[in-house]
Amino acid sequence: MKVALITGVTGQDGAYLSEFLLKKGYQVHGLKRRASMFNTDRIDHLYQDPHIENRNFVLHYGDMTDSTNLIRLIQEIQPDEIYNLAAMSHVQVSFEVPEYTGNADGLGTLRILDAVRLLGLEKKTRIYQASTSELYGKVQEVPQSETTPFYPRSPYAVAKMYAFWITVNYREAYNMFACNGILFNHESPIRGETFVTRKITRAAARIGLGLQDKIYLGNLDAQRDWGHAKDYVRMMWMILQAEEAEDWVIATGKTTPVREFVRMAFAEMGIELEFKGEGVEEKGYIKSCSNPDIQVEIGKEVLAVDPKYFRPTEVELLIGDATKANTKLGWIPEYDLQGLVKDMMTHDLKLMQKDQYLKKGGYVTYNYFE
Ligand code: NDP
Ligand code: GDR
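Written out as structure tokens, the structure reads:
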């Protein structure tokens, strides 16, 4: 039985990857942070009672800023594969907590690599590092591939740049099987609620059901290459099964502005939007609704721009070239953008219908959106 350690097991990718590896017959160990409330919603369906012997899904407390914890866990677990997914992963928030981001995302990666070396596991343990298209930052060339130069534009991206190069360095210096997956944006129904796609699908569902009036967004012109997280975690595993340790771009090769994602999300409910105005004055209105089950007011303003969501430095355009992954590893994504939006909207409509039902019953429902 192969043994894997996943840092960031409670996150979007950690949850999908755990599910994927368990299906492959792995024993999966996950690193989770202590929180004042349970933070395991995404992996609750995988949870196994700690009193059961021979579990194949085991959670451990830990933190990327705590070297001794990481060394002890890796020594105990003796993993064949480590997937380093833990990170302060929100680009805008990284401008507010830059030092912590550097510590967890940058030095955290060094701590994992060095623990493996210190424990003499260089030959046994393969390491996947969650690198990112944010490394490309300010546009140098499109589409972006493994050979495109980096120009990071946030404390998050700079921390991830350190993580990228320390992974390459440990591979070259100590002959470790350590690889970067340079993943472009990937989303899903369990995407964090403050990333733009999930913020949009949740708000669209709430607006369609009369639970919310309006959504406020930042830069509607930013363009992203959005894929489905399920397709991307499969590739993380493939990267560690490859014959050689290398770095890989994972992307769909198509890019879409934020505004278009909004349009597609509302269209899933049969609502057509129209956008008027420019820059901070831009607004979105309901133009028509073809869905008899949805009661919305035609002409209502449902979207406005709030500059508080603008970033001090922005990444305007990402579009990835995954030719290497397609040809050398045979990776082909199953979802296109339409399929992704549908999956997210179906989920969030159901979720918000539950909220609607609870609200009618007089219960307080989750009402927090950023
Ligand atoms: P999430 O934000 O959903 O999950 C991040 C995970 O890291 C959570 O489990 C979080 O724990 C954990 N974490 C954060 N800080 C620490 C810490 N100091 N110690 C231990 N654990 C910590 O991210 P995703 O699943 O979307 O992304 C996974 C990885 O891939 C991240 O490294 C991200 O930067 C990177 N990435 C993501 C892309 C995407 O589009 N999703 C694209 C490219 C790269 P908690 O639940 O307690 O907050
Ligand atoms: P990103 O994702 O920064 O690309 O990082 P996010 O969804 O936060 O932003 C995408 C683009 O949308 C614009 N935007 C907004 N973003 C947010 N969050 N909220 C808004 O209201 C809003 N309005 C417009 C942003 O300015 C940006 O241009 C994600 C994370 O998962 C990283 O961890 C990962 O490395 C990269 O994707 C690849």
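Throughout the sequence shown, residue numbering follows numbering that gives the first Met the number 0, covering 0 to 369 in sequence. From the three backbone atoms N, C-alpha and C, an ideal C-beta is built for every residue, glycine too.
- Message: Is the separation between the beta-carbon of Met36 and that of Leu210 shorter than 8 Å?
- Response: Not closer than 8 Å, so no.
- Task: Count the other C-beta atoms from every protein chain shown that fall within 10 angstroms of the C-beta of Gly329, then say buried if there are 16 or more, exposed otherwise.
- Result: Gly329 should be labelled exposed.
- Message: Is the beta carbon of Ala114 closer than 8 Å to that of Ala86?
- Response: no
- Task: Have a look at Pro291 and Gly269 and give me their C-alpha separation to the nearest angstrom.
- Result: Each residue's CA atom was taken as its position, placing Pro291 and Gly269 some 9 Å apart.
- Query: Relative to ligand 2, is the shortest distance from any of its heavy atoms to the C-beta of Glu133 smaller than 7 Å?
  - Reply: yes
- Message: I'd like to know whether the C-beta of Ile270 is nearer than 8 Å to at least one C-beta of chain C.
- Response: The structure shown contains no chain C, having only a single protein chain.
- Task: Output yes or no for whether 8 Å exceeds the beta carbon distance between Glu140 and Ser153.
- Result: no
- Task: Name the residue from Gln222, Tyr161, Lys122 and Gly101 whose alpha carbon lies nearest to the alpha carbon of Val138.
- Result: Gln222
- Strand pairing of Val57, partner residues [DSSP]: His28
- Could you tell me which residues DSSP pairs with Val2 in its beta bridges? Gln26
- Can you have a look at Ala162 and say buried or exposed, based on whether 16 or more other CB atoms are within 10 angstroms of its CB? buried
- Please determine if the segment 6-13 and the segment 218-238 are in contact, where contact requires at least 3 C-beta pairs separated by less than 8 Å. yes
- Under the three-state DSSP convention, the category Asn174 falls into: Residue state, collapsed to three classes: coil.
- Task: Consider the C-beta atom of Lys198 and the heavy atoms of ligand 2; say whether any pair is separated by less than 7 Å.
- Result: yes
- In the DSSP assignment, what residue or residues form a beta bridge with Ser130? According to DSSP, which records beta bridges pairwise, Ser130 is partnered with Ile181.
- Among residues of its own chain, excluding the 5 on either side of Glu121, which ones have a beta-carbon nearer than 7 Å to its beta-carbon? Hits under 7 Å: Val115, Tyr173, Asn174 and Met175.
- How is Glu18 classed by DSSP in three states: helix, strand or coil? helix
- Measure the CB-CB distance between Glu281 and Val257 and report whether it falls below 8 Å. no
- How is Tyr150 classed by DSSP in three states: helix, strand or coil? coil
- Query: When DSSP labels each residue in this structure, what does Leu272 get in the three-state scheme?
  - Reply: strand
- Task: Please indicate yes or no: does the CB of Met218 lie closer than 7 Å to some heavy atom of ligand 2?
- Result: It is worth fixing the name first, because residue 218 is Asn in this sequence and not Met. Checking the Cβ of Asn218 against ligand 2 gives yes.
- Query: If you run the structure through DSSP and keep just helix, strand and coil, what is Glu300?
  - Reply: strand
- Less than 7 Å between the CB of Arg33 and some heavy atom of ligand 2, yes or no? no
- What is the DSSP secondary structure of Ser144, counted as helix, strand or coil? Coil at Ser144, not helix or strand.
- Task: Return yes when the Cβ of Thr166 is within less than 8 Å of the Cβ of Thr108, no when it is not.
- Result: A contact, by the Cβ cut-off of 8 Å.
- Task: Return the residue from the list Asp354, Ala3, Gly226 and Leu30 that minimises the CA-CA distance to Asp342.
- Result: The residue with the shortest Cα to Cα distance from Asp342 is Gly226.
- Query: For Lys31, which residues of its own chain have a beta-carbon under 8 Å away from its beta-carbon, when the five flanking residues on both sides are left out?
  - Reply: Val8, Thr9, Asn38, Thr39, Leu58, His59, Tyr60 and Gly61
- Glu313 beta carbon near ligand 2 (any heavy atom closer than 7 Å): yes
- Message: Considering only the alpha carbon of each residue, which of Met237, Tyr215 and Arg197 lies closest to Glu80?
- Response: Met237
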